[in-house]
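Start counting the sequence shown at 111; every next residue gets the next number (the numbering used here). Think of the CB as a built atom: it goes at the ideal place given N, C-alpha and C, for glycine as much as any other residue. Here the structure is a predicted model, which means the values were calculated and not measured. Below you'll find the structure, written out as structure tokens, and then a few comments.
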Amino acid sequence: MEKKPQYKVIVSDRARQMLAGHVCFLAQESLTAARRTKNELMDAVRSLSTMPERFPFLNTEFIPLNKYHKMFVEKWYLILYQIKDQTVYVDYIVDCRQDYGWLIR
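Below, the structure written as structure tokens:
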């Protein structure tokens with residue numbers, strides 16, 4: 111059986127800050143929910159080391175076609191990432207309950 115290539119996953123500083131902001135916001139209401147969300151998001155990011163192509167591209171008017179893949183986590187979170195060679199670059203971790211129109215302008 112052929113071994114699947116492993117990709118290196120790099121999370122941008124912006125994406126790390128976004129994740130921290132989501133977790134801090136949740137922690138104000140529930141530490142348990144904040145921990146669970148952080149773990150689920152981190153597990154999702156780590157899963158990109160194998161078959162990151164499994165998620166579709168984000169197609170929107172203001173972002174170049176086939177630039178970002180999109181992965182939804184839980185009900186509310188959107189992870190946007192690019193694949194270049196054997197590296198996955200996670201650029202955004204967005205809470206879809208917030209206004210993220212800035213992203214597509």
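Secondary structure remark: continuous alpha helix (DSSP H) runs of at least 4 residues inside the stretch 125-188, in chain order: 141-157.
Here Val204 is near Tyr187, since their CB atoms are less than 8 angstroms apart. Residue environment analysis places Phe165 among the buried positions, since at least 16 neighbouring C-beta atoms fall within 10 angstroms of its C-beta. According to DSSP, Gln192 shares a beta bridge with Tyr199. The C-beta of Thr147 has 16 or more other C-beta atoms within 10 Å across all chains shown, which makes the residue buried. Cβ-Cβ distances below 7 angstroms link Val183 to Glu150, Leu151, Ala154 and Ile189 in the same chain, with the five nearest sequence neighbours on each side left out; the list follows chain order. Pairing Val200 with Lys185, the inter-Cα distance amounts to about 19 angstroms.
Excluding sequence positions up to five before and after Glu163, its CB lies within less than 8 angstroms of the CB of His179 and Ile193, all in the same chain and listed in chain order. Taking C-beta separations shorter than 8 angstroms and ignoring five residues to either side along the sequence, the partners of Phe167 in its chain run Leu175, Asn176, Lys177, Tyr178, His179 and Lys180, following chain order. Minimum Cα-Cα distance from Tyr202 among the listed residues Ser140, Lys118 and Ala130 corresponds to Ala130.
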